[in-house]
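The structure appears below as structure tokens.
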Amino acid sequence: MHAWLQLVRFGWEQALSCLFPVVIFASLALTQIIPLPLLPRYDWLLIICLLMQWWMVRSGLETRDELKVITVFHLIGLALELFKVHMGSWSYPGEGYSKLFGVPLYSGFMYASVASYLCQAWRRLKVELIRWPSFWLVVCLAAAIYLNFFTHHYWIDVRWWLSGLVIIVFWRTWVIYEVNGTRYRMPLALSFVLIGFFIWVAENIATFFGAWQYPNQTEAWNLVHLSKVSSWLLLVIVSFLIVASLKLVKEKQTLEDV
Numbered sequence: 185m186h187a188w189l190q191l192v193r194f195g196w197e198q199a200l201s202c203l204f205p206v207v208i209f210a211s212l213a214l215t216q217i218i219p220l221p222l223l224p225r226y227d228w229l230l231i232i233c234l235l236m237q238w239w240m241v242r243s244g245l246e247t248r249d250e251l252k253v254i255t256v257f258h259l260i261g262l263a264l265e266l267f268k269v270h271m272g273s274w275s276y277p278g279e280g281y282s283k284l285f286g287v288p289l290y291s292g293f294m295y296a297s298v299a300s301y302l303c304q305a306w307r308r309l310k311v312e313l314i315r316w317p318s319f320w321l322v323v324c325l326a327a328a329i330y331l332n333f334f335t336h337h338y339w340i341d342v343r344w345w346l347s348g349l350v351i352i353v354f355w356r357t358w359v360i361y362e363v364n365g366t367r368y369r370m371p372l373a374l375s376f377v378l379i380g381f382f383i384w385v386a387e388n389i390a391t392f393f394g395a396w397q398y399p400n401q402t403e404a405w406n407l408v409h410l411s412k413v414s415s416w417l418l419l420v421i422v423s424f425l426i427v428a429s430l431k432l433v434k435e436k437q438t439l440e441d442v
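Numbering (the working numbering), first residue to last: 185 to 442.
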């Protein structure tokens, strides 16, 4: 019974941490079913995301430091979107005043929502990292993963080499988290896989509601290919490495100030 209650509590904390992504998915569904007046759909989605971000900071659900992290992810995601749409990897066929080179600006919030989840879950579950690699090794690995999203269009795709490198670098790293006063631990590599899989599930929901469109979904919606799990897995790793590094730097500064 205790294990069941802990699982329910863990699920509740995860659900609260996913508030921003849930609002985005709900908005995608709503605007797909009920056309809103005056503005195109993409513009309404941008307004909803901006209002949600404002409310989360205003209400105290997110701190100003977390807002800075989320803004970084918005810019990183938007840069990736601009490039991928230009290369024809996917498209946004709808109209919108807030589109930049074919990319609606709300799309950056889909990446920012991943950072929002990580920041929220980190705080709610009191996450600690055991045997975390050196800062510069983490930075170089994150940069290499992110750059591969661009360079594989012109050079070989080294995602599987990078995935193997992630396993080697973080083989001894554990995530410690707390649920209702009880501490648990999980291998970091396993948490990467779990988060990446659930984001792939979310991607299927998002494409079903027309958030964006892959070439094989032009005529009719199809399940997103499982190969995309590896892309989302690497994106989650980049997100986690950036959030973790910034959190650790912040904690170090706090200790030095004390």
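C-beta: ideal position from N, C-alpha, C; glycine also. Predicted model only: the values in this text are computed from it and were never measured.
Item: Let me confirm a value: Asp249 is counted as buried when at least 16 other C-beta atoms fall within 10 Å, else exposed. Which label applies?; Value: exposed
Item: Report the option in Trp355, Ile360, Leu349, Arg308 whose CA atom is closest to the CA atom of Thr127.; Value: The structure shown does not extend to residue 127, since the chain is modelled only from 185 to 442, so the question has no answer here.
Item: How should His258 be labelled, buried or exposed, when 16 other C-beta atoms within 10 angstroms of its C-beta is the threshold for buried?; Value: buried
Item: Nearest CA to the CA of Tyr361: which residue from Val192, Leu189, Trp306?; Value: Trp306
Item: Please classify Lys310 as buried or exposed, where buried requires at least 16 neighbouring CB atoms within 10 angstroms.; Value: exposed
Item: Going by Cα to Cα distance, which pick from Val420, Val353, Gly365, Glu387 is closest to Ile379?; Value: Val420
Item: Is there contact between the region 288-304 and the region 191-208, where contact requires at least three CB pairs shorter than 8 Å?; Value: yes
Item: Pop quiz: Phe267 and Phe334 are said to be a contact at Cβ under 8 Å. What is the actual Cβ separation, rounded to whole angstroms?; Value: 6 Å
Item: What do you reckon, are the CB atoms on Phe233 and Ile254 nearer than 8 Å?; Value: A small fix is needed here, since residue 233 is Cys in this sequence, not Phe. No; because the gap between Cβ atoms is not below 8 Å, this pair is not in contact.
Item: Only counting the same chain, and skipping five residues up and downstream in sequence, which positions put a Cβ closer than 6 Å to that of Trp239?; Value: none
Item: How about Ile289 and Ser297: do their beta carbons lie closer than 8 Å?; Value: Here residue 289 turns out to be Leu, not Ile, going by the sequence shown. Cβ distance not < 8 Å, so Leu289 and Ser297 don't count as in contact.
Item: The alpha helix (DSSP H) spanning Ile208 covers which residue range?; Value: 203-217
Item: I need the DSSP call for Thr366, collapsed to helix, strand or coil.; Value: strand
Item: Find out if the Cβ-Cβ distance for the pair Thr366, Gln198 is shorter than 8 Å.; Value: no
Item: Are Gly261 and Met236 closer than 8 Å when you measure CB to CB?; Value: no
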